[in-house]
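A.B. asks:
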Amino acid sequence: MTLPGVLLLDAAGPEAGLLATAAAARGHQVHAATTAAAYAGYGPELKGLLAGHIATDFTRPGKALAETAAYARRHGVGAVLTVNEYLTELAAHVCAELEVPGNDPGRARAARDKAVMSEAFAAAGVRTPYTVLVRDDAGLWAALADPRLGFPCVLKPLSGAGSAGVTVASGPAGAAEAAHVARETVGMYGSGGAPGVLVQAFAAGTEYSVESLTQDGTTTHLAVTRKQVTGGTKRVETGHSLPICLPPAVVSAVYREVEAAIRAAGIRHGASHTEVIVGGDGRCTVIEIGARLAAGHIGVLIQHALGIDVWAALLDVALGRPAALTPAARGYATVRFVISPRAGRLVSLCGFPKTGPGVPFVRWRAAIGGLVHEPGANGHRLGAFVVTGAEAAEVEERADTLLRRVRIHVEPAPENPGQVRPASTSDIAP
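Each step along the sequence shown adds one to the number in this note's numbering, with nothing skipped, and position 374 is 436.
1. Using the rule of at least 16 other Cβ atoms within 10 Å of the residue's Cβ for burial, across every protein chain shown, is H26 buried or exposed?
2. Mind listing, in chain order, the continuous alpha helix (DSSP H) runs of no fewer than 4 residues lying wholly within the region 304-337?
3. Take the Cβ of H471 as the centre, count every other Cβ of all protein chains shown within 10 Å, and call the residue buried at 16 or more, exposed below.
4. By how many angstroms is the C-alpha of E299 removed from the C-alpha of A237?
5. For R453, is the classification buried or exposed, using 16 other Cβ atoms within 10 angstroms of its Cβ as the cut-off for buried?
6. Below 8 Å, can you find three or more Cβ-Cβ pairs linking the region 86-98 to the region 113-120?
7. So L304 packs on A367, CB below 8 Å; how close in whole Å?
8. Would you mind working out which of L71, T282 and E77 sits nearest L363, comparing C-alpha positions?
9. Using 8 Å as the threshold, is the C-beta distance between L387 and I370 below it?
10. Quick one: Cα of G332 to Cα of A475, how far?
11. Should T64 be labelled buried (16 or more other beta-carbon atoms within 10 Å of its own) or exposed?
12. For R425, tell me which candidate among G344, V409 and G358 has the shortest Cα-Cα distance.
13. Excluding the five sequence neighbours on either side, which residues of its own chain have a C-beta within less than 8 Å of the C-beta of L284, listed in chain order?
14. What are the uninterrupted segments assigned as alpha helix (DSSP H) that are 4 or more residues long and contained completely in the region 233-280, given in chain order?
15. Mind checking which residues open and close the alpha helix (DSSP H) that includes K125?
16. Along the chain, where does the alpha helix (DSSP H) that runs through Y101 open and close?
17. What does the alpha-carbon distance come out to for the pair E269 and V139?
18. Between K289 and Q262, which are expected to be in contact by the criterion C-beta below 8 Å, what is the C-beta distance as a whole number of angstroms?
19. Judging by CA-CA distance, which residue of K125, D72 and V434 is the nearest neighbour of S402?
20. Measuring alpha carbon to alpha carbon, tell me which residue in S221, L71, R407 and P209 is nearest I351.
21. Which residue wins for smallest C-alpha separation from G341, given the options A315, A266 and R392?
22. What is the rounded straight-line gap between the Cα of R345 and the Cα of C215?
23. At what residues does the alpha helix (DSSP H) containing A84 begin and finish?
24. Indicate the three-state DSSP secondary structure (helix, strand or coil) for H115 in the structure shown.
25. Give the secondary structure of V156 by DSSP, where H, G and I count as helix, E and B as strand, and everything else as coil.
26. Thinking C-alpha only, which one of V397, V421 and A429 is nearest L411?
27. Please name the residue or residues paired with I339 in a DSSP beta bridge.
28. When the Cα atoms are used, what is the spatial distance from G413 to A74?
29. Based on the DSSP output, what are the partners of T282 in its beta bridges?
30. May I have a chain-ordered list of the alpha helix (DSSP H) segments no shorter than 4 residues that lie completely inside the region 421-470?
31. Which of the three DSSP states, helix, strand or coil, is assigned to V68?
32. Comparing alpha-carbon positions, which option in A85, R88, R404 and N146 lies nearest L71?
33. How would you label R135, buried or exposed, when you count the other beta carbons within 10 angstroms and need 16 or more for buried?
34. Who does Q290 pair with in a DSSP beta bridge?
35. Near E337, what residues of its chain come up, given a Cβ to Cβ distance below 6 Å and the 5 sequence neighbours on each side ignored?
36. Name the one or two DSSP bridge partners that K416 has.
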């Protein structure tokens, strides 16, 4: 019997690579819809997994939809998935065109455009920060005068990802600069750069995310993840840990808000990653939702801590088959990200962990001699490693110890930045 093909919208990145590997291991032909430039950058291992690919233009969604759907029909594709934040809306439309399990195309924009997301949350009664869309300086000053915002407040681009262009402003001067940064932030495929900026009330509390899988409209929550983030004006994630055990009443409140957000974003078949803040009073505030598996190696944490094969589960949901979501283990896992203390040229690195017992995954992304950034977005992180074990306290202590051993030396960048390449463009370790 010929198994249906699996189509990935963009197969780059560690999460997509693991998904492609899982699909190929189960006997599915794996295809990719990507851009010509991105495909040229795929490594030989990834290219070896692919039965074929189509190069399209994601900056023209209508054209990409028509070309991708036609390719999928020619190659017997029965499942369409993406772990790329910027392509979740397109994925919903491709699934609808092919009549395979997917999310509601009419509401998929709510998981990409943060102004639409805010409106959808408000309509669904999701507890979320007071939010204003501003289109010019006059609108910005009017919003900042609104007592429902106040300072600090958060300014962000409408369609960014990975905390790029997001700033916590403590006063009017900082807000003006933050609005400029948000306007100028351009994401993948030319998204962003629009005049609209979202201004959001600051939600105080502890930051978590909820990793969920929805199938036929029924949601299973896999884990609650605690996040470590930098302080100051930029809030870059420096670590994730799971599973986190919250008081039963708090868990119920979190799940109630998350499920309302999932429905508001039209997520019917697939993963979701919902960022929330839990205040000191135990109330949950939903910040954002993504119609995808969490990035930042959270899928790896789930697999090692809970024994859930998230990649197989994603495939089963996309194929319309029952997914195995019951934990097979009761462990704990955390990831630590290495960030640069300053912008400049990466001169040396030492002390970065190697894989071994309790350290199942390491990835260093930066090249010696490359440019590194003072962390302003998740994409500025230099590397990551995962630590696992049976007890949360022991795992956290070991992860912190390993992180303290990492030594990086950064020198000021040369006056001509063309003399070195950005460190983030080179993967020099798995």
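Glycine included, C-beta positions come from ideal geometry on N, C-alpha and C. Quick caveat: nothing in here was measured; it's all calculated off a predicted structure.
C.D. replies: Taking the structure as given:
1. The chain is shown only over 63 to 492; residue 26 falls outside these bounds and no answer can be derived.
2. 310-326
3. exposed
4. Distance between the alpha carbons of A237 and E299 is about 22 Å.
5. A small fix is needed here, since residue 453 is Glu in this sequence, not Arg. It counts as exposed.
6. yes
7. 6 Å
8. E77
9. yes
10. 43 Å
11. T64 should be labelled exposed.
12. G358
13. Here L284 has E273, S274, L275, I364, L368, I370, V372 and L387 as same chain residues with Cβ atoms under 8 Å from its own Cβ, once five neighbours each way along the sequence are excluded.
14. Entirely contained in the region 233-280, the alpha helix (DSSP H) runs reaching 4 residues are, in chain order, 234-246.
15. P123 to R136
16. Boundaries of the alpha helix (DSSP H) harbouring Y101: A98 to A102, taken from the DSSP string.
17. 38 Å
18. Between Q262 and K289 the Cβ distance is about 17 Å, and since that is not below 8 Å, they are no contact.
19. V434
20. For the residues S221, L71, R407 and P209, the minimum Cα distance to I351 belongs to S221.
21. A266
22. 19 Å
23. P76 to A87
24. strand
25. helix
26. A429
27. E269 and T347
28. Computed Cα separation, rounded: 28 Å.
29. L275
30. 454-467
31. Strand at V68.
32. Closest option to L71, Cα to Cα, is N146.
33. exposed
34. G301
35. S271, I349 and E350
36. In DSSP, K416 forms no bridge with anything.
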